[in-house]
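Per our numbering, residue 9 is the first one in the sequence shown, and the count goes up by one each step. We treat Cβ as the ideally placed atom computed from N, Cα and C, and that holds for glycine.
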Amino acid sequence: MMVRLILTLSALCMMSSCLKTRADLADEEQSQVYGKKSGDNQIATARPSQLSAKAQPAVVDDRDESIRAFNGRIESLENQINNLQKEKEKAASTNTAEAQKNQALQETLAKMEAQLQKLEAEAAGQKAAAAVGANHAVTGSDANTIKASGAPVPKTDKSKKEAAHGADYELAQGHFAKKEWKKAILVYQKYVDEAPKGPNVADSKYKIGVCFQELGMKEEAMAFYEEVIANFGKTEQGKKAKIRLAKLKK
Numbered sequence: 009m010m011v012r013l014i015l016t017l018s019a020l021c022m023m024s025s026c027l028k029t030r031a032d033l034a035d036e037e038q039s040q041v042y043g044k045k046s047g048d049n050q051i052a053t054a055r056p057s058q059l060s061a062k063a064q065p066a067v068v069d070d071r072d073e074s075i076r077a078f079n080g081r082i083e084s085l086e087n088q089i090n091n092l093q094k095e096k097e098k099a100a101s102t103n104t105a106e107a108q109k110n111q112a113l114q115e116t117l118a119k120m121e122a123q124l125q126k127l128e129a130e131a132a133g134q135k136a137a138a139a140v141g142a143n144h145a146v147t148g149s150d151a152n153t154i155k156a157s158g159a160p161v162p163k164t165d166k167s168k169k170e171a172a173h174g175a176d177y178e179l180a181q182g183h184f185a186k187k188e189w190k191k192a193i194l195v196y197q198k199y200v201d202e203a204p205k206g207p208n209v210a211d212s213k214y215k216i217g218v219c220f221q222e223l224g225m226k227e228e229a230m231a232f233y234e235e236v237i238a239n240f241g242k243t244e245q246g247k248k249a250k251i252r253l254a255k256l257k258k
C-alpha cells in the first residue's frame, strides 16, 4: 500500500514536470512568434523611412529646378523691361531735341523779323523804283495808244505785286553778295512769305540756309536744307542743299 502511494506521487511529479516543460515550450514558441512579428514590423517601418529618405533628394532637385526656371523668367522679363525703358527714353530724348530745335528756329526767326522794320525804309525805296507806273490798269485802246507812242505801259496791281516781290528778292541778293547774312535772311524770308509760289522761293530758302550756316547756326541751316531737299529736290538748289547737309552731318 505504501509502495503504491509512493509510485502514485512519483507519477504525479513526473506529469507536473512534463506539463511545465510543455508550457515553457509553448511560451518560448509564442515569444519567438512575437519576436518575429516585431522584427517584421520594424523592417516594414524602416522601409518607408528609407524610401522617404531616398526620395527627398529628388524632391529637392525638382524644387531647385523650378526656382531656377522662375529666376530665368524673371531675369528675361527684367531685360525686356530695361530694353523697353531705354527705347522709351531714347524716343523721348529725340522728340525733345526736335522740339528744342524747332523752338530755337522759331525764336531766331522771330528776332530777325523784329529787325525787319529797320530795313523797311531801304526796301520801300527799291519797291518804288521797280513799281513805277500809273495807279490804274491800262487796257484796250489806251494800251495800244501808249504802245504805239513808245511810252512804257503802266503796271496793273498784280504786276506791282510781282515787281515788289522781285525787288525783295533782288534786295536779298544784294545783302547776300555783301555777306550781310542777317539782312539777307530777313529779306529772303519776307519774299518767301509774300510770294510762296514765286519763281525764286527755292533759291531764297536755300540761301537762308547758307546764311544760317555762315552765322554758325548749324541746326537752323540744316532745317532749311532739309526743306529745300524735300520740296525742291530735283532743282539745282535741291542738289546743292544735299551736298551742304551731308557735310554738316559729318
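Check whether residue i and residue j have beta carbons under 8 Å apart
| i | j | result |
| --- | --- | --- |
| threonine 116 | glutamate 228 | yes |
| aspartate 211 | valine 195 | no |
| alanine 254 | isoleucine 237 | no |
| leucine 256 | lysine 213 | no |
| alanine 192 | histidine 183 | yes |
Residue nearest to residue i in terms of C-alpha spacing, selected from the options
| i | options | result |
| --- | --- | --- |
| tyrosine 199 | Lys215, Ala185, Gln221 and Glu188 | Lys215 |
| tryptophan 189 | Gln221, Pro207, Asp201 and Glu235 | Gln221 |
| cysteine 219 | Asp70, Asp69 and Lys187 | Lys187 |
| lysine 109 | Glu244, Ala231 and Ile251 | Ala231 |
| proline 204 | His173, Ser84 and Gln111 | His173 |
| asparagine 239 | Val209, Glu202, Arg252 and Lys258 | Val209 |
| methionine 120 | Ser74, Glu97, Gln197 and Lys94 | Gln197 |
| glycine 217 | Gln93, Glu235 and Pro207 | Glu235 |
| alanine 207 | Ala185, Tyr233, Gln245 and Gly224 | Position check: residue 207 holds proline in this sequence, whereas alanine was assumed. For the residues Ala185, Tyr233, Gln245 and Gly224, the minimum Cα distance to proline 207 belongs to Gln245. |
Host alpha helix (DSSP H) of residue i (start-end)
| i | result |
| --- | --- |
| leucine 256 | 244 to 256 |
| asparagine 239 | 226 to 240 |
| lysine 198 | 189 to 202 |
| lysine 215 | 209 to 222 |
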